[in-house]
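K.L.:
Before anything else, here's the structure in question.
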């Protein structure tokens with residue numbers, strides 16, 4: 001898909017991470033549609049791309065905590081919206097991300 | 001319970017701690033129900049998970065003061081609400097927590 | 001008293017101090033009751049518990065100026081209210097306390 | 001063209017980059033005109049000129065991440081508008097630019 | 001007088017200074033009373049007590065510029081009001097005081 | 001002219017630069033007067049005088065990027081207006097100036 | 001004059017300078033009175049007294065740029081008004097003063 005291809009071309013700068021918000025569930029487990037108002041506001045996302053890290057005093061990149069593919073908890077405010085090929089993404093600084101969701 | 005299992009999978013980043021607010025008492029010691037308005041607003045919580053700590057200049061994690069299981073006094077403002085499997089949690093920075101409640 | 005016992009269990013974190021505001025005088029020296037409006041707003045308190053101190057660069061606690069039992073002058077704003085066993089307390093940072101009252 | 005010539009003469013100072021916003025698409029791929037309201041607000045731009053970099057403690061310029069010709073994602077707020085020969089440009093600090101768009 | 005005794009017992013913390021505002025002149029030099037509206041708002045005060053000084057990196061007190069007894073020019077805003085034995089005092093940080101008035 | 005002489009006497013302090021805004025063009029190239037509303041708001045200026053530079057830790061002046069005579073792009077906000085002999089000037093900090101206009 | 005004597009007794013603290021604003025011209029060069037509305041708002045002043053300078057890390061005073069007697073350009077905002085013997089003065093920090101006026 002061209003949207004998927006295009007997103008691979010976006011390289012966040014410094015300590016920024018590109019995130020796609022996880023969409024709210026539109027059906028229950030048993031397949032019943034949930035009306036839009038009853039859908040939980042989702043504060044989860046998936047990291048799509050990460051920067052090289054901010055620069056330290058010696059001009060070296062400080063490695064990020066997050067990597068592409070990580071599922072994360074997003075802060076309720078902040079981040080910049082960007083639209084790529086009609087899809088909405090968010091750019092956050094690595095340190096603004098609240099938590100990582102680890103599947104066992 | 002799946003909520004308990006899921007919460008174990010949330011890993012706070014840097015110096016953040018995941019906290020579940022202690023619910024207001026709904027009955028008196030002798031078992032009489034307290035009407036909702038008379039319930040004291042609770043500013044106590046239990047630490048559910050902690051991050052590895054913020055990074056110092058040398059890129060090492062600064063250990064947190066709090067550990068999972070600690071009962072704490074929360075500040076009246078601040079923190080980010082997160083909802084996991086329908087339960088409400090709060091993410092604070094370790095240094096924002098006001099005090100620890102120690103049972104003798 | 002259980003309130004006194006419970007308060008001993010609250011351990012302020014870092015450079016915080018737990019303070020109980022001195023109550024406004026309800027009677028004159030000669031025993032006459034002062035109507036509530038005429039009672040002076042009290043900005044004095046007693047330190048009930050202190051933290052170990054904020055951490056310096058080397059990860060050591062910087063000792064506090066105040067100790068449990070000190071009578072202090074509180075700033076007009078700031079501090080966090082906490083309620084323990086129905087009693088009101090305040091948590092301040094050590095450096096926010098304006099002055100100490102020394103009895104000769 | 002004289003506008004192109006003139007823009008070459010603008011030298012951003014310190015860590016600033018001169019950017020020309022990519023214009024919203026006025027036609028679909030098949031050549032149909034898109035009414036102005038339906039045009040997507042574009043947050044992409046092209047770097048036209050860059051400064052030598054901010055100065056570090058030793059008075060040396062810290063090199064910029066961006067170079068002339070880079071296609072970039074702009075933050076939704078910030079930057080200063082400048083008009084050169086009737087064309088609109090933006091001046092941002094290098095570190096304010098969110099991401100680079102890399103064509104494969 | 002007991003107010004004077006009590007004020008000696010107030011020890012400002014860190015770099016704070018305890019100041020008593022100079023009262024506006026109520027009479028002219030020749031003894032005529034000045035109506036309250038015509039009295040100049042006074043921004044002068046006398047230092048009543050000083051702290052040991054803020055702590056430097058090595059944990060030592062940085063000496064204050066002001067000493068008890070100094071007559072000073074107060075900034076138009078800032079400072080905390082404290083009432084001791086019915087008298088009003090102000091607590092400022094040493095560096096907030098604008099100037100010293102030296103009598104020749 | 002006395003205005004020109006007087007301006008030579010103004011010495012900006014530290015890292016400040018004294019700037020005279022370039023006046024909006026009142027005629028087209030072919031000599032037709034442009035009504036005031038149609039005149040472009042000019043964000044260009046000429047540096048009239050510069051300070052010695054801010055002081056570094058060792059008490060030495062950090063040299064400025066700009067020199068007297070430089071044509072510059074001014075930020076849309078900021079700067080202090082000063083009036084000398086009826087002429088309007090602006091004082092900016094050297095680092096606030098966005099770009100330099102270089103004539104080839 | 002006693003006002004002049006009194007002002008000599010005001011010693012600005014740290015990096016503060018005491019300034020008397022230059023009064024707006026009330027007559028033209030040829031002696032005609034200028035109505036108050038037409039008088040230019042003056043942003044010039046004369047330095048009346050200077051502090052010893054702010055303290056550096058080693059506890060030494062950083063010398064000021066300005067000296068008593070300097071004629072200066074004042075910023076449009078800031079400074080604290082003080083009234084001494086009925087005369088209005090301003091206290092600024094040395095680094096807030098925009099420029100010095102040098103008479104040839």
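Protein chains in written order, with UniProt numbering: chain C, 1 to 104; chain W, 1 to 104; chain V, 1 to 104; chain Y, 1 to 104; chain D, 1 to 104; chain U, 1 to 104; chain F, 1 to 104. In this text, a Cβ means the ideal position worked out from N, Cα and C, and glycines have one as well. A quick note: this is a predicted structure, and the numbers were derived from the prediction, not measured.
1. How many Å lie between residue 99/W and residue 63/W at the Cα?
2. Any idea what DSSP makes of residue 96/V, helix, strand or coil?
3. Hey, does residue 49/C have any beta-carbon neighbour from chain Y nearer than 9 angstroms?
4. Rounded to the nearest angstrom, what separates residue 48/F and residue 22/U at their Cα positions?
5. Short check: CB of residue 76/U to CB of residue 80/Y, under 9 angstroms?
6. Listed in chain order, which residues of the region 71-82 of chain V have Cβ atoms closer than 7 angstroms to some Cβ of chain D?
7. Against chain U, does residue 69/Y count as a neighbour if the rule is that its beta carbon must be under 9 angstroms from one of theirs?
8. Buried or exposed: where does residue 18/C fall if 16 or more other Cβ atoms within 10 Å of its Cβ makes it buried?
9. Just to confirm the assignment, what range does the beta strand (DSSP E) spanning residue 44/D have?
10. Going by beta carbon distance, what residues of the same chain come within less than 8 angstroms of residue 44/V, once the five residues before and after it are set aside?
11. What first and last residue would you give for the beta strand (DSSP E) that runs through residue 17/F?
12. Note down the Cα distance separating residue 51/U from residue 96/F, rounded to an integer number of angstroms.
13. Using the beta-carbon count (16 or more within 10 Å), is residue 10/F buried or exposed?
14. CA-CA distance, residue 1/V and residue 89/V?
15. At what residues does the beta strand (DSSP E) containing residue 60/U begin and finish?
16. Would residue 62/C count as contacting chain W if we go by Cβ distances under 9 angstroms?
17. My assumption, with CB atoms under 8 angstroms, is that residue 94/Y sits in contact with residue 66/Y. Please give the rounded CB distance.
18. Interface residues of chain U around residue 56/Y at Cβ under 7 angstroms?
19. What's the call for residue 58/W, buried or exposed, on a 16-neighbour Cβ count within 10 Å?
20. For the region 9-30 of chain U, which residues have a CB atom closer than 8 angstroms to at least one CB atom of chain F, in sequence order?
21. Counting along the chain, where does the beta strand (DSSP E) carrying residue 73/V start and finish?
22. Which partner residues does residue 106/Y have in the DSSP bridge list?
23. Tell me which same chain residues have a C-beta within less than 6 angstroms of the C-beta of residue 46/F, skipping the five on either side of it?
24. At least one CB of chain D closer than 9 angstroms to the CB of residue 105/F: is that the case?
25. At a CB-CB cut-off below 7 angstroms, which residues of chain U make contact with residue 102/F?
26. Measure from the alpha carbon of residue 15/D to the alpha carbon of each residue in 60/D, 87/D, 82/D, then state which is nearest.
27. Per DSSP, residue 10/Y forms a beta bridge with which residues?
28. Answer with yes or no whether the minimum CB distance from residue 95/C to chain W is below 9 angstroms.
P.N.:
In short, the structure shows the following:
1. 17 angstroms
2. helix
3. yes
4. 36 angstroms
5. yes
6. 73, 75, 76
7. no
8. buried
9. 44-50
10. 21, 22, 71, 72, 73, 74, 101
11. 16-21
12. 13 angstroms
13. buried
14. With a pLDDT of 41 at residue 1/V, under the threshold of 50, the predicted position of this residue should be treated as unreliable, though the coordinate-derived value follows. Rounded to whole angstroms, residue 1/V to residue 89/V spans 16 angstroms at the Cα level.
15. Note, residue 60/U: premise wrong, no beta strand (DSSP E); not H, not E.
16. yes
17. 6 angstroms
18. Here the premise fails: no neighbours, minimum Cβ distance about 12 angstroms.
19. exposed
20. 9, 10, 11, 12, 13, 14, 16, 18
21. 71-73
22. No information on residue 106/Y is available, as it lies outside the stretch 1 to 104 that chain Y covers here.
23. 20, 71
24. There is no way to answer for residue 105/F, as the model of chain F reaches only from 1 to 104.
25. 9, 11
26. 60/D
27. 101/U
28. yes
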